[in-house]
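Encoded as structure tokens, the structure appears first; notes follow it.
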Amino acid sequence: MTISSHRNLAIILGLILAGLVSLFSLIGLDINHVDFYKYIIVEFLSVFLVAYILIYFAVRGLIDKKIKPIYKIINAGNKTGTEFYKDLEDKNLVSEVEREVAIWAGKKVREIDQLKKMEKYRKEFLGNVSHELKTPIFNIQGYILTLLDGGLEDVTINRKDLERTEKSVNRLISIVEDLEKISRLESGQLELQYENFNILDLVKEVFELQEMRARNKNIKFCLLSNEKAVMVNADRKKILDVLANLIINSINYGQENGKTTVEIFDMDNQILVEVSDTGIGIAEKHLSRLFERFYRVDKSRSSNEGGTGLGLAIVKHIIEAHDQHVSVRSNEGKGSSFGFTLSKSKPTQK
Ligand SMILES: Nc1ncnc2c1ncn2[C@@H]1O[C@H](COP(=O)(O)OP(=O)(O)OP(=O)(O)O)[C@@H](O)[C@H]1O
Ligand SMILES: [Mg+2]
21 MTISSHRNLA
31 IILGLILAGL
41 VSLFSLIGLD
51 INHVDFYKYI
61 IVEFLSVFLV
71 AYILIYFAVR
81 GLIDKKIKPI
91 YKIINAGNKT
101 GTEFYKDLED
111 KNLVSEVERE
121 VAIWAGKKVR
131 EIDQLKKMEK
141 YRKEFLGNVS
151 HELKTPIFNI
161 QGYILTLLDG
171 GLEDVTINRK
181 DLERTEKSVN
191 RLISIVEDLE
201 KISRLESGQL
211 ELQYENFNIL
221 DLVKEVFELQ
231 EMRARNKNIK
241 FCLLSNEKAV
251 MVNADRKKIL
261 DVLANLIINS
271 INYGQENGKT
281 TVEIFDMDNQ
291 ILVEVSDTGI
301 GIAEKHLSRL
311 FERFYRVDKS
321 RSSNEGGTGL
331 GLAIVKHIIE
341 AHDQHVSVRS
351 NEGKGSSFGF
361 TLSKSKPTQK
């Protein structure tokens, strides 16, 4: 019902009422009286006017009391009183409110779904965090109890137990650091410090840092690029983190006597960095979930390697914060390839 139609309603009802009253008054009036028509017309017009005003304001009062509050709620107070009445002039009020209520209800259902999803995610996250922290904490507790139970005096045990305790403490520190990194990346608190640098130098730096780890498994490092220097514009420290995560994975999930290759491809304004290994590979069904926090292909296997399942989630966050892409290809039993893009440094920035 638009404002004009509730005006129409007042007119129609006013006319009917005025007609009826005039009709009844006809019964008691003399049709031959000189003022007969004058009287009827005056009566008709006065009844019509009074009825029109009463009906008009009654309907408007009803709208103000019942419909306007609903309209205000669904528009979350976005509309002023004047805008509301302006809306009424253009729209069919009842169907408009009905339509808006349906849209509003749909929006609320989606919001509730989203909140439920986030709640599930939060619960899962808390569960995962406590699960990951439990192992090193229980280990530390075990070593301390052995030391307290007389191990402290036993030279064959005390040093070994303290070394194991230290290892578990380091594991706790690394989990907490990873969680901190993730939460800072996710809340957008971490600002990227863009600079121009040679990605080949950075790869060599990470190779040096991980040399010991690779030597333990007799894994060879190899860097392939057609250029001597490939300048990129990115946050050097964060990209070092990315490369370290991918190269450590290539060793942890690589085969003994294998090879880790980093290859740089030129792609116009970007470069593609690909870290490939000759390791155990990943089955197709896991690939889409690999970058989720805490996701591990084989929990028992990677806990032997000390993995928390946060490394690739951090990699993805860092690369996406640079507005770049990360991807994975793998051949189960043969090896995997993780690639990410970076933007080249512009000539003027060099
Ligand atoms: N190069 C690889 N080859 C085979 N599997 C891999 C490779 N990289 C990652 N994965 C699989 O993906 C999972 C997730 O890797 P991610 O680096 O996120 O976690 P993680 O290595 O288990 O722990 P961390 O948080 O210490 O890195 C690993 O547990 C492993 O199962
Ligand atoms: Mg890892």
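Residue numbers for the sequence shown follow the working numbering, beginning at 21 and rising by one.
Glycine included, every Cβ here is placed at the ideal spot set by N, Cα and C.
Small disclaimer: the values here were computed from a predicted structure and weren't measured.
query, result
"Near ligand 1: G126 beta-carbon under 7 Å from a heavy atom", "no"
"Contacts around N246, its chain only, beta-carbon distance under 6 Å, and the 5 residues preceding and following it disregarded", "none"
"E152 burial status per 10 Å Cβ neighbour count (16 or more: buried)", "buried"
"Top-ranked residue by Cα proximity to H306, from V295, S296, E144 and K319", "K319"
"Pairwise C-alpha distance: A341 and L229", "25 Å"
"By C-beta, the residues closer than 5 Å to any heavy atom of ligand 2, given in chain order", "N269 and G331"
"I123 burial status per 10 Å Cβ neighbour count (16 or more: buried)", "exposed"
"heavy atom of ligand 1 below 7 Å from N277 C-beta", "no"
"Every unbroken alpha helix (DSSP H) inside the stretch 188-257 [4 residues or more]", "219-229 and 231-236"
"Close-in-space but distant-in-sequence residues of the same chain around K154 (CB under 8 Å, 5 per side omitted)", "none"
"Buried versus exposed call for I302 [16 or more other C-beta atoms within 10 Å across all chains shown]", "buried"
"Other residues of its chain near L244: CB distance less than 6 Å, five sequence neighbours each side excluded", "E283"
"7 Å Cβ shell around V317 - same chain, five flanking residues per side excluded", "I302 and H306"
"Sufficient close CB pairs (3 or more, under 8 Å) joining the stretch 350-357 to the stretch 182-202", "no"
"Cβ contact check for the stretch 251-258 and the stretch 207-220: 3 or more pairs under 8 Å", "yes"
"Local conformation of K354 per DSSP, three classes", "coil"
"Top-ranked residue by Cα proximity to I268, from D288, S296, Q290 and N289", "S296"
"Top-ranked residue by Cα proximity to R235, from I83, D133 and I271", "I271"
"Delimiting residues of the beta strand (DSSP E) encompassing F285", "K279 to M287"
"Opposing strand residues paired with S347 [DSSP bridges]", "G359"
"Beta-carbon contacts of K224 that lie in its chain and below 8 Å, excluding the five residues immediately before and after", "L243"
"S323 - DSSP class collapsed to helix/strand/coil", "Confidence at S323 is low in this model, with a pLDDT of 49, below 50, so the placement of that residue is unreliable and no value is reported for it."
"Cβ-Cβ separation, N289 to M251 (assumed contact under 8 Å), whole Å", "At roughly 12 Å, the Cβ-Cβ gap does not stay under 8 Å, so M251 and N289 are not in contact."
"Exposed unless 16 or more other CB atoms sit within 10 angstroms - verdict on H26", "buried"
"Proximity below 8 Å, CB of L263 to CB of F358", "no"
"Contact test: L310 Cβ vs ligand 1 heavy atom, cutoff 7 Å", "yes"
"Beta carbon of F77 nearer than 8 Å to that of S42", "no"
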